[in-house]
Amino acid sequence: MAKKRTLHGFFKPAEAKRPKIEASKETSLHPTYPCPVPHLPLAIIDALAFAPATEGKAIDDQPDLDLLYFQPHIPKAVQKDLFNFLRQELFFYRVQYTIKRGPVDTQVYTPRFTTVFGVDETSCFGADGSLLDSKTQLPIPKDRYQCKPRPVPECLEVLRNITEGTTGETFNSCLVNYYASGNDSISYHSDDEQFLGPNPTIASFSLGAKRDFVLKHKPMPPLMTDSVKPEAKPLKIQLASGDMILMRGPTQANWLHSIPKRKGGESEKGRINITFRKVLVKGGTENYYRYNVGAGGVFRWDGTKQKMDPWTSEISTAV
DNA sequence: GACTATAATAGAA
DNA sequence: ATTCTATTATAGT
9 MAKKRTLHGF FKPAEAKRPK IEASKETSLH PTYPCPVPHL PLAIIDALAF APATEGKAID
69 DQPDLDLLYF QPHIPKAVQK DLFNFLRQEL FFYRVQYTIK RGPVDTQVYT PRFTTVFGVD
129 ETSCFGADGS LLDSKTQLPI PKDRYQCKPR PVPECLEVLR NITEGTTGET FNSCLVNYYA
189 SGNDSISYHS DDEQFLGPNP TIASFSLGAK RDFVLKHKPM PPLMTDSVKP EAKPLKIQLA
249 SGDMILMRGP TQANWLHSIP KRKGGESEKG RINITFRKVL VKGGTENYYR YNVGAGGVFR
309 WDGTKQKMDP WTSEISTAV
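For the first sequence, the working numbering assigns the number 327 to the last residue and increments by one with no breaks.
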């Protein structure tokens, strides 16, 4: 029955209801996944055909800096649905490890949720999901990896293909971070590992809450005089849902970046970050799986509690 | 502008 | 690629 229009309701424009997203019955499955990952709903795939939503804008007006900023890249119409889908359907880890702080070993609880997919250029996944040597296309030696590389699930594969299209680059690796609140962060670092090669291109998507992304030049050698030294000012970019920032060229070799802890406002809500990279050698695969999957338990989003919760397969299979 | 509370930043371990 | 502490910046009154 049609809803009665009150006088007030007549003048107020009808609420633009977002059509309900029809879940796909298809899933990505793999022995290394703790659970199946549903395929991206068709409505989301259709809307993603309009990506990039804007042209990338170059940010290269500082020494050794080469960014391309899509503000946004993901069309507005699907930002929320894509965020909700990925938070709901992906599985995450809260990796623990130890570092030496001065003389003492301290236990670190990575201040964000992480997960990783993909494998370096030396290997690839066959049609049956098994690992093959990239050159020979034959099964890899059993001892090539200590970790268990996971194929990129279809839902992220869609994004990867779009990203390759808009950047002209190729990627074989996908890292996903979930910052549950302003208390989650990543401190200053560069993605300058050897296993990415000398001038790696990294595509980084933001979904959900706005967070500050800050960059600063690495300390310069005190050789040149101030008069010759080009100045590099710290840079702060407020990343919003759907934004994509492409970092390329000399950026990683010369700049540090971080997502600092923040209080109040939107930072208290969840944010997903998805990065695509090209990992060249086996060592990179081992590194990423160690620091983004680790050995601990699985976390999944609990829509009722509105938080990430420890998860075991019994939870979903319990009668 | 001063005073206070809270947030952001920088340095050390 | 973290956390603690000290210092500095910012916002509110």
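The beta-carbon is built from N, C-alpha and C at its ideal position, and this holds for glycine as well. Predicted model only: the values in this text are computed from it and were never measured.
Spatial distance of residue i from residue j (CA atoms)
i      : j      : result
Gly173 : Gln260 : 22 Å
Lys11  : Lys25  : For Lys11, the predicted model reports a pLDDT of 49, less than 50, meaning its position is unreliable and no value from the coordinates is stated.
Ser214 : Phe58  : 17 Å
Gly302 : His81  : 31 Å
Glu274 : Lys150 : 46 Å
Gly278 : Asn191 : 11 Å
Thr209 : Val327 : 47 Å
Ala125 : Ile107 : Looking at the sequence shown, residue 125 is not Ala but Phe. So the alpha carbons of these two residues sit roughly 25 Å apart.
Met9   : Glu30  : Per-residue confidence for Met9 stands at a pLDDT of 43, beneath the threshold of 50, marking its modelled position as unreliable; no derived number is given.
Phe18  : Lys241 : Only weak support exists for where Phe18 lies, its pLDDT of 46 falling under 50; the value from the coordinates is given anyway. Using only the alpha carbons, I get a separation of about 53 Å.
Thr312 : His38  : 27 Å
Leu264 : Met255 : 11 Å
Cys182 : Gly110 : 33 Å
Asp199 : Ser324 : 37 Å
Gln202 : Asp89  : 36 Å
Gln115 : Val127 : 28 Å
Integer-rounded CB distance, given that residue j should sit under 8 Å from residue i
i      : j      : result
Ile267 : Tyr187 : 7 Å
Asp251 : Gln79  : 5 Å
Ser3   : Arg152 : As shown, the chain starts at 9 and ends at 327. That puts residue 3 outside it, with no answer to give.
Limits of the unbroken beta strand (DSSP E) element including residue i
i      : result
Gly173 : Run containing Gly173: none in the beta strand (DSSP E); it sits in the alpha helix (DSSP H), Glu162 to Thr175.
Lys65  : Lys65 to Ile67
Ala342 : With the chain covering only 9 through 327, there is no way to say anything about residue 342.
Gln104 : Gln104 to Arg109
Asn185 : Ser181 to Tyr187
Tyr196 : Ile194 to His197
Arg256 : No beta strand (DSSP E) contains Arg256, which DSSP labels as neither H nor E.
Phe78  : Leu75 to Phe78
Residue range of the alpha helix (DSSP H) that includes residue i
i      : result
Lys290 : Lys290 to Asn300
Lys84  : Lys84 to Glu97
Asp317 : Careful: Asp317 lies outside any alpha helix (DSSP H), inside the beta strand (DSSP E) at Lys315 to Trp319.
Gln260 : Thr259 to Asn262
Leu48  : Unbroken run through Leu48: none, as it is neither H nor E.
- Item | Contained beta strand (DSSP E) runs [length at least 3] in the stretch 116-151, N- to C-terminal order | 121-126, 131-133 and 139-141
### Message
Check whether the stretch 133-148 and the stretch 281-290 are in contact - that is, three or more C-beta pairs closer than 8 Å.
### Response
These segments do not touch.
| request: Give a yes or no on contact between the stretch 43-61 and the stretch 84-92, applying the rule of three or more CB pairs nearer than 8 Å. | output: With the cut-off at 8 Å, the stretch 43-61 and the stretch 84-92 touch.
- Task: Give a yes or no on contact between the stretch 40-48 and the stretch 87-101, applying the rule of three or more CB pairs nearer than 8 Å.
- Result: The answer is yes - the stretch 87-101 touches the stretch 40-48, with three or more Cβ pairs under 8 Å.
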